[in-house]
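Student:
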Amino acid sequence: MIYLAKVLLLASFAPEILAAPPANTRQATKEVNVILQLSSITLAADLTVTDRETSEILGHSCSTTLRSGAFTNFPISAAVDKSGAGNITIGPKTYVVHENATLSGGITCYRLYNKVEAFVNCQTSLPVSLPFMPMGRSDISSCFPGNILTLKRAAASIMNENTTSPITAVTNSTKKEKRTIGPPCQEVRKSELVGNGNPHQNYYDTQLSENLACGAAAACTAGQELSESITVDWSASATAWEWINAGFDVSVSWETGNDYSCQASAGQTVCTWYNTAHTAYTVQNALVYECDGIASKPNGPSFVMFSPNANNIGGGYYCVVGTCRYKGASYWDKSGPAGGPQQ
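Per mature numbering (1 follows the signal peptide of the UniProt record, and there is no 0): the sequence shown = residues -19 to -1, 1 to 324.
1) Just checking my contact of V175 with C252 at CB under 8 Å: how many whole Å lie between their CB atoms?
2) Among M116, C124, T257, whose alpha-carbon lies nearest the alpha-carbon of G238?
3) Who are I69's beta bridge partners in DSSP?
4) Measure the C-alpha to C-alpha separation of P2 and Q323 and round it to an integer number of angstroms.
5) Measure the alpha-carbon distance for V233 versus G72 and round it to whole angstroms.
6) Nearest to M116 by alpha carbon, out of T46, H41, H259?
7) On the premise that S190 lies in contact with K63, defined as a C-beta separation below 8 Å, what is that separation, rounded to the nearest angstrom?
8) Can we say the region 205 to 218 touches the region 182 to 189, given the rule of at least three CB pairs closer than 8 Å?
9) Exposed or buried, what is D314 when buried is set at 16 or more other beta-carbons lying within 10 Å of its beta-carbon?
10) Please give the ranges of any beta strand (DSSP E) in the region 209 to 293, keeping only runs that are unbroken, at least 3 residues long and fully inside the region.
11) Starting from A197 and walking both ways along the alpha helix (DSSP H), at which residues does that stretch end?
12) Out of curiosity, what's the CA-to-CA distance linking N280 and D214?
13) In the DSSP assignment, find the beta strand (DSSP E) that holds I38 and state where it starts and stops.
14) Pick helix, strand or coil for I88, following the three-state DSSP scheme.
15) Quick one: Cα of S20 to Cα of L132, how far?
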């Protein structure tokens, strides 16, 4: 009877025993990007958290601290220098901005910087128990009114490897081609602007240097000895009969130079990149007859011409730490603002 009573007693607790969760169950998490943009001139900042799967914005602040919405009791803050190096605190834990999760304390980060801005992106996970409320992008105001920051776009080009590039026309020329078709007319092949050209800013990002791994050294520098200057020529999305500036402040080509240095610290990989800013404008080939009263005749569909901005207005050097590609890697960023050359 005693034995039977024990069996019945254990059986009465069976559902609870089976339903009890393991003591070491991990808390469910959401993978996110913690993104910081910083103006080195005004010290204005933009701190944004996005869902890595959906790209939804989960939190935003025009400062280096996010303490609102889902992050009221789980704040995120950044303490970095003008190159984006430093620490990021997520909830109760502080991490080092580093590409190696072991050295950072558990997150993976990369950063870009130049003389006027810094961009940091850290991949981490957050508890799904946080009361996330995705934000509409139209509801978020700019943290940098009146300023154009380019490193966020450059980072997207590098990470997405935007390899699509314009076609350098095989018959590109800077001179008009004339052909006599009978006196007194000459047929001239040229390219003309279509309307106002619908100008836009595009950027050609190129890695100029070799990758430099700092290893155990406290600091290292990717300098001129690791870099190579390149020439970036004008190009087009179809065969152009000639190059035209179309009234924009642009040039036939641009020499990048290689007089720039980039620094990183122990365990990091650093390299030098260059942004050649272009103006993209719509043109069309046309036949022009040099006779009085005879207008030009369009020949073929319109296409886009990409010309380096004079003096590389809107472009320049920048440093990449933690997401280098290889020397000579080049990507197009076509998300620039409308209009001609601009800082």
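Where is the CB? At the ideal position from N, CA and C, for every residue including glycine.
Tutor: The answer reads as follows:
1) Going by Cβ atoms, the distance from V175 to C252 rounds to 39 Å, so no, they are not a contact pair.
2) T257
3) A59, Y76
4) Below a pLDDT of 50, predicted positions are generally treated as unreliable, and P2, at 48, falls in that range; the measurement from the model is reported next regardless. Cα-Cα distance, rounded: 60 Å.
5) 52 Å
6) H41
7) That belief does not hold up - the Cβ atoms of K63 and S190 are roughly 21 Å apart, past 8 Å.
8) yes
9) buried
10) 212 to 214, 234 to 236, 243 to 246, 250 to 270, 284 to 289
11) Premise fails: A197 is in no alpha helix (DSSP H) and is neither H nor E.
12) 24 Å
13) 38 to 42
14) coil
15) 11 Å
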